[in-house]
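Below you'll find the structure, written out as structure tokens, and then a few comments.
Numbering (my numbering), first residue to last: 1223 to 1319.
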């Protein structure tokens, strides 16, 4: 079951977004750590600490970007007035009294 759900037509955009975020989560912090510890902060007393700090900051930037893009997706759920889809719950529930 696992990965086969990601390859279905309705899930391809989500799988693509997850793949890009995973790739960014793996490569960007390592790249930023290397560049910052060897070039940007090489003159500081402890360049590895500064490189680690910037790598952690980059992880948070990637997570925030993924969350931002997830919240800006369009909802696929459309509210209809017919009851063919079952009872409404949560935000779609309406009072009838």
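A virtual CB, placed ideally from N, CA and C, is assigned to each residue, including glycine.
Do you know offhand how far residue 1229's Cα is from residue 1240's? Separation of residue 1229 and residue 1240 (C-alpha to C-alpha, rounded to the nearest whole angstrom) is 12 Å.
Could you give the residue range of the alpha helix (DSSP H) that holds residue 1238? Residue 1238 -> alpha helix (DSSP H) spans 1234–1257.
Residue 1294 (DSSP reduced to helix, strand or coil): The answer is coil: DSSP assigns residue 1294 none of H, G, I, E or B.
For residue 1286, count neighbouring C-beta atoms within 10 Å of its own C-beta (all shown protein chains included) and say buried if the count is 16 or more, exposed if not. exposed
Can you tell me the Cβ-Cβ gap for residue 1201 and residue 1269, rounded? I've got them flagged as a contact below 8 Å. Look at the range of the chain in this structure, 1223 to 1319, and you will see that residue 1201 is not part of it.
Pick from 1296, 1265, 1294, 1284 that is closest to residue 1249, judged by C-alpha positions: 1284
Same chain only: Cβ atoms within 6 Å of residue 1246, ignoring 5 sequence neighbours per side: 1284
Contacts around residue 1237, its chain only, beta-carbon distance under 8 Å, and the 5 residues preceding and following it disregarded: 1228, 1229
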